[in-house]
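Here the structure comes first, spelled out in structure tokens, and everything after it is commentary.
Rendered as structure tokens:
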């Protein structure tokens, strides 16, 4: 799987996180949540209850060529692998800088600019991948106001 590829990645980077949800008898949603400035590394999850590939499916999720930072020598945003046991590994690029294509990989995408997904079928199951998902502004506002309240309370003690 992808874990052997970690040796060539920046050592100071943090791994992104993914959530895999079986949403129907033949559908799976994979959501990556990460910080664009530090994201790289392999994140894993496991699924069951849907048709799985008979051998590892190797997918390159392509960057959007309309992205101002698009580099045609590194057109891939994420490496994705799905094995017959239901293990899913997602390896994301560092800071949106792209990854090179892999020989023999299935190319899917491109990713939409902004928030959106890439959907594709593998062995009778449709995988919908939301990559590079940032927290909603309302979540950040709520978190920030909670921190301010905490600091204000500590100062009054």
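In my numbering, the protein residues as written are 8 to 164. We treat Cβ as the ideally placed atom computed from N, Cα and C, and that holds for glycine.
- [ ] Just the C-alpha distance for residue 79 and residue 115, rounded to the nearest angstrom, thanks.
- [x] 15 Å
Task: Residue burial classification, residue 132 (beta-carbon count within 10 angstroms, cutoff 16) - done: buried
Open item on the list: By the three-class DSSP mapping on this structure, what secondary structure does residue 34 have?
Closed with: Residue 34: strand per DSSP, three-state reduction.
Open item on the list: Going by beta-carbon coordinates alone, are residue 68 and residue 91 separated by less than 9 Å?
Closed with: By the CB criterion at 9 Å, residue 68 and residue 91 fall outside the cutoff.
- [ ] Please report how far the alpha carbon of residue 66 lies from the alpha carbon of residue 83, in whole angstroms.
- [x] Each residue's CA atom was taken as its position, placing residue 66 and residue 83 some 10 Å apart.
- [ ] Keeping to the same chain, check which residues put their C-beta closer than 7 Å to that of residue 125; ignore five residues upstream and five downstream.
- [x] 68, 115, 116, 118 and 136
Task: Reduced DSSP secondary structure (H/G/I, E/B, other) of residue 122 - done: coil
TODO: Give the straight-line distance between the Cα atoms of residue 108 and residue 51, rounded to the nearest whole angstrom.
DONE: 20 Å
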